[in-house]
Amino acid sequence: MHRTLLPIRIVFISLCAAAGWLVCYSVREWDEYRIIGIFIGMLIGVLVVLVDLMLKGFSLRGLSALTFGLAVGSVISYLIGTSPLFVRGDEQIIYLSRLTLFLVVTYVCTVIALRGKDEFNLVIPYVRFVPHEVDVPLIVVDTSALIDGRIGRICETGFLGGGLVIPRFVLEELQRVADSSDPGRQARGRRGLEVLGALRRIKQLDLRIHESEARTEEVEAKLVFLAQSMKAKLLTTDYNLAKMAEFHGVPWLNLNALAKSIRRELLVGETVEIDLVKGGREEHQGVGYIEDGSMVVVEEARSLVGTRVLARVTSILPSAGGKLIFARLTGPSEG
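For what it's worth, the working numbering labels the leading residue of the sequence shown as 8, then goes sequentially.
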């Protein structure tokens, strides 16, 4: 984007300089000031480009809110200015009063519209200007879900329906984490950016970057407000954020709860495929772990530590660290 804008800005400044030269060329009295005209035209072009740079980050939603505020302010000031209040009196005082009324009312209406641009759904809806259906269910993604990494694998399977909405302030927070001087935070932030890149490469995924920001400075409050305004669900691994969303009536999706709900429940007599990682308490036992962290003790398997085996569950006992599963070796894994 920046590479495209740079030549456009250079061409615009050059055209402004040429326009200054043409103005002096067309007016005979200014013929000897062509150099000054070129300089003034170039200066005007530079000032316009500076204004463009100052407006960086000013979204289309903000522009629509600004236009709406100016229009409403102009209509209100016109109606008041043409009312019987300004029928009689000194013309100069009436003119100044109307001018003051116009400036004050349009300013107030513009500020109100800009402050409430996130509720400004009549002009520009929350759904981005892309060829999607308006009623597509939306899911707002927070920083913790991106850093977690599992969202990429879930989206690849196609189980997560709806459009993923990633707010701009979440991307900025993720970038700050990636730029942190702390190695741990830096690694987490970079993993989040890698996950974001992987999400962009999923063709069937409806991924949207949301530009609007809420009035509050707290990221958690912004996420809840945004999801509430868009009538979207909130995807997070942060328990406190999930409870905050629940308090405000925002549906939330927790990856940890999803992972817990899809864990396989083993029953006595079932066969499990497991990697043996160490020997057990008894000399003939081998020990491995299943996905939920439960320990599986396999009888007569110490000699197979370091390999993957098939074992049949013989008993399941509850323990402080989860379940303790006892199994008997049935044979080596086919994989």
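Beta carbons: idealized from backbone N, C-alpha and C, even for Gly.
By the 10 Å Cβ neighbour count, where 16 or more other Cβ atoms means buried, how is residue i classified, buried or exposed?
i    : result
R95  : exposed
T337 : exposed
V82  : exposed
P174 : buried
A264 : exposed
M61  : exposed
I15  : exposed
V55  : exposed
V184 : buried
In terms of alpha-carbon separation, which member of the options lies closest to residue i?
i    : options                   : result
L311 : K285, D189, S322 and G256 : K285
V30  : M49, I15 and I161         : M49
R271 : E298, N263 and H255       : E298
V147 : G169, T164, I161 and R157 : G169
I17  : Y32, R41, I51 and W37     : I51
P218 : K330, F254 and L70        : Strictly speaking, residue 218 in this sequence is Glu, with Pro absent from that position. Among K330, F254 and L70, the Cα nearest to that of E218 belongs to L70.
V172 : L265, N263 and I158       : I158
L331 : D213, G300 and L178       : G300
V79  : V231, A120 and L212       : A120
Q292 : I269, E306 and D189       : E306
D245 : V226, R198, S236 and S33  : V226
K210 : A72, T164 and I281        : T164
Looking at the unbroken alpha helix (DSSP H) that takes in residue i, where does it start and where does it end?
i    : result
D282 : Careful: D282 lies outside any alpha helix (DSSP H), inside the beta strand (DSSP E) at T278 to G286.
K250 : Y246 to F254
A266 : L262 to S268
T150 : T150 to D155
I346 : Residue coverage of the chain in this structure runs from 8 to 342, which leaves residue 346 outside it and unanswerable.
L178 : R175 to A185
E227 : V226 to M237
Do you know how far the Cα of residue j is from the Cα of residue i?
i    : j    : result
R122 : F19  : 33 Å
A25  : R35  : 17 Å
T117 : S104 : 20 Å
I216 : A239 : 14 Å
L206 : A228 : 25 Å
V275 : L317 : 14 Å
Y114 : G191 : 47 Å
D38  : F46  : 14 Å
R335 : T321 : 7 Å
I269 : S326 : 21 Å
E290 : V303 : 15 Å
Y32  : C23  : 14 Å
L324 : D282 : 20 Å
First and last residue of the beta strand (DSSP E) that includes residue i?
i    : result
L206 : Run containing L206: none in the beta strand (DSSP E); it sits in the alpha helix (DSSP H), P190 to R207.
Y102 : No beta strand (DSSP E) holds Y102; the alpha helix (DSSP H) holding it covers E98 to R122.
V316 : R315 to S326
L241 : K240 to T243
Taking 8 Å as the threshold (beta carbon to beta carbon), is residue i in contact with chain B?
i   : result
S90 : Annotation note: the requested chain B is absent from the structure, which comprises a single protein chain.
ask   = Counting pairs of beta carbons, one from the segment 140 to 154 and one from the segment 182 to 202, are three or more of them closer than 8 Å?
value = yes
query = Taking contact to mean at least 3 C-beta pairs separated by less than 8 Å, is the segment 105 to 115 in contact with the segment 68 to 87?
reply = yes
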